[in-house]
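Numbering (my numbering), first residue to last: 12 to 464.
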């Protein structure tokens, strides 16, 4: 294991004088393994696992399994997520109690890979979540995770946060899990150790400050900013909060009960720090602020040309709270309350439920549609045993279908959880599992079923 950067060790001796050696020992130990359960797909949390104290849907695993070989992982039944970041679930529940009506719009400003977006989507199920990611490759990963989870209320954009300037005063809550120096991930990710430098932390502070300047005007009066990082560096955390937010009319919102979990309140009392060894997580910082500035949304007079009415051409009815929307030649079912003019000038990649597309007036369903509770029963179901489920996830067709399988589309499931689609041609079938999702690793012939649940 690569040793910790000397300058980092020197700084934390001053920052945590009574704990620095314990922190170093913790950062050189094995990281805990945690996952978050999708309660829309698995209503009962398995009691054999230890629960994450600040998350009702988070559990610790005794060791890290090979998630790739578990079909339930591909079905979006759970999501591997660092335990500290699950505190967003606790904060989201508390903030939801502060609104008389459910917030209409929420922004996750730096969303990939998507774990926190999934939390927001679950807690604020009646809200519309904008999940933004500036890096295209990471935006693709974000899209896959949102789709497999079955989140129906998420709009994914691939933008610099500066492009959101026309949405001033739109959002009730903005979450910024800011790009940072990654000190909190030193035991989980050796690349974080390799890439760390004093110069890099200074660049991170500049970037974080720039993003804050972009997103603060987007927050409504009496709306909230949730700021987080995975670093211990006070320059990127509490010092940045103190420097930027009070001058912008934001007030700190305390959650001192977090200390009951062993989470530390930072020295200037403007945030909370997860310290490995004191809590069972990686390093994580959290700070919540309320906007006291009166501001109003600037109305966008442009009208979207993307709204269409294709419901008569679909083979299944839309729910009453959904409407059709055409994006990048694909048909989506989006929340009826979504003001499509908000998407003008944004690079939207995904919105709501991806249904499919029309090809020569014939509807071709999207693989993603089966993950949504609203649409998963649109086609007949074929249940697969473990071995065949793995073959399906590899993109193969070397397994039999039930006798008398007629022509048409079928949803394939594992333990009653949808995995994707096939198209039966009668004597054979096409595997419609998307190529980017397919398992590429070699599967041993004697591979046993993964009984995580």
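Using N, Cα and C, we set each Cβ at its ideal position, and we do this for glycine too.
State the beta-bridge partners of residue 399 as determined by DSSP. According to DSSP, which records beta bridges pairwise, residue 399 is partnered with nothing at all.
In its own chain, which residues sit with a C-beta less than 6 Å from the C-beta of residue 198, not counting the 5 before and 5 after it? Closer than 6 Å at Cβ, skipping near neighbours: 38 and 42.
So what's residue 238 in DSSP terms, helix, strand or just coil? Strand, per DSSP.
Would you kindly work out how many angstroms separate the C-alpha atoms of residue 270 and residue 64, rounded to a whole number? One C-alpha to the other measures close to 12 Å.
Would you check if the distance between the CB atom of residue 458 and the CB atom of residue 398 is smaller than 9 Å? Contact flag set, yes.
Output yes or no for whether 9 Å exceeds the beta carbon distance between residue 381 and residue 422. In this structure, residue 422 lies closer than 9 Å to residue 381 by Cβ.
Rounding to the nearest angstrom, what Cα-Cα distance links residue 127 and residue 46 in this structure? Approximately 12 Å, taken between the alpha carbons.
Over the uninterrupted alpha helix (DSSP H) stretch that includes residue 250, give me the two end residues. Where residue 250 is concerned, the enclosing alpha helix (DSSP H) stretches over 249-255.
When the Cα of residue 240 is compared with those of 282, 112 and 117, which residue comes out closest? Distance from the Cα of residue 240 is smallest, within the candidate group 282, 112 and 117, for 282.
Given residue 68, which residues of its chain have a CB within under 6 Å of its CB, disregarding the five upstream and five downstream residues? If we look at residue 68 and ignore the five residues flanking it on each side, its Cβ neighbours are 47, 48 and 50.
Between the alpha carbons of residue 214 and residue 100, how many angstroms are there, rounded? Those two C-alpha atoms are separated by around 29 Å.
Taking the alpha carbon of residue 448 as the point to measure from, which residue in 328, 20 and 151 has its own alpha carbon closest? Residue 448 has its Cα closest to that of 151, out of 328, 20 and 151.
Determine the DSSP secondary structure at residue 75, reduced to helix, strand or coil. When secondary structure is reduced to three states using DSSP, residue 75 falls in the coil class, being assigned neither helix nor strand.
On the DSSP letters alone, give me the boundaries of the alpha helix (DSSP H) that residue 282 sits inside. For residue 282, there is no enclosing alpha helix (DSSP H), as DSSP marks it with neither H nor E.
Around the C-beta of residue 8, are 16 or more other C-beta atoms found within 10 angstroms, so that it is buried, or is it exposed? This structure leaves residue 8 out entirely; the chain is present only between 12 and 464.
Assuming contact is defined by CB atoms lying nearer than 9 Å, are residue 183 and residue 116 in contact in what I supplied? Against a cut-off of 9 Å, the Cβ pair of residue 116 and residue 183 comes out as a contact.
By alpha-carbon positions, which one of 80, 57 and 28 ends up nearest to residue 425? With distances taken between Cα atoms, residue 425 lies closest to 80.
Using 8 Å as the Cβ pair cut-off and three pairs as the minimum, do the stretch 208-226 and the stretch 271-278 touch? The stretch 208-226, when compared against the stretch 271-278, does not touch it at the 8 Å Cβ threshold.
Does DSSP classify residue 90 as helix, strand or coil? Three-state result, residue 90: strand.
Pairwise C-alpha distance: residue 297 and residue 268: Residue 268 and residue 297 have their alpha carbons spaced roughly 13 Å apart.
Rounded to the nearest angstrom, what separates residue 60 and residue 71 at their Cα positions? The straight-line gap from Cα to Cα measures roughly 6 Å.
For residue 431, which three-state DSSP category applies? In the structure shown, residue 431 falls within a strand segment according to DSSP collapsed to helix, strand and coil.
Cβ pair residue 166, residue 235 closer than 9 Å: At the C-beta level, residue 166 and residue 235 stay beyond 9 Å of one another.
Count the CB pairs spanning the stretch 200-210 and the stretch 16-24 that are closer than 8 Å, and state whether there are at least three. Yes: at least three Cβ pairs fall under 8 Å.
For residue 47, the residue or residues it bridges with in DSSP: Note: residue 47 sits in a beta bridge opposite 69 and 90.
Classify residue 316 as buried or exposed, calling it buried when 16 or more other Cβ atoms lie within 10 Å of its own Cβ. Residue placement at residue 316 is flagged as unreliable, the pLDDT there being 47, under the threshold of 50; a coordinate-derived value is accordingly withheld.
Considering just the uninterrupted stretch of the alpha helix (DSSP H) at residue 352, what are its terminal residues? First-last for residue 352: undefined, no H or E at that position.
Could you round the C-beta distance between residue 122 and residue 153 to whole angstroms and report it? I think they count as a contact, below 8 Å. Confirmed, Cβ separation roughly 6 Å.
Indicate the three-state DSSP secondary structure (helix, strand or coil) for residue 302 in the structure shown. Here DSSP, grouped into helix, strand and coil, assigns residue 302 to strand.
From which residue to which residue does the alpha helix (DSSP H) around residue 152 run? Element bounds for residue 152: 147-160.
Between residue 341 and residue 437, what straight-line distance do the alpha-carbon atoms span, to the nearest angstrom? Roughly 27 Å separates the two Cα atoms.
Since residue 141 sits in a beta bridge, which residues does DSSP pair it with? Residue 141 is bridged to 118 and 166.
On the DSSP letters alone, give me the boundaries of the beta strand (DSSP E) that residue 56 sits inside. That residue, residue 56, is in no beta strand (DSSP E); it is neither H nor E in DSSP.
What does DSSP give as the partner residues of residue 369 in its beta bridges? Within the DSSP secondary-structure output, residue 369 pairs in a beta bridge with 374.
Closest to residue 243 by C-alpha separation, out of 16, 26 and 93, would be which residue? Here the closest residue by C-alpha is 26.
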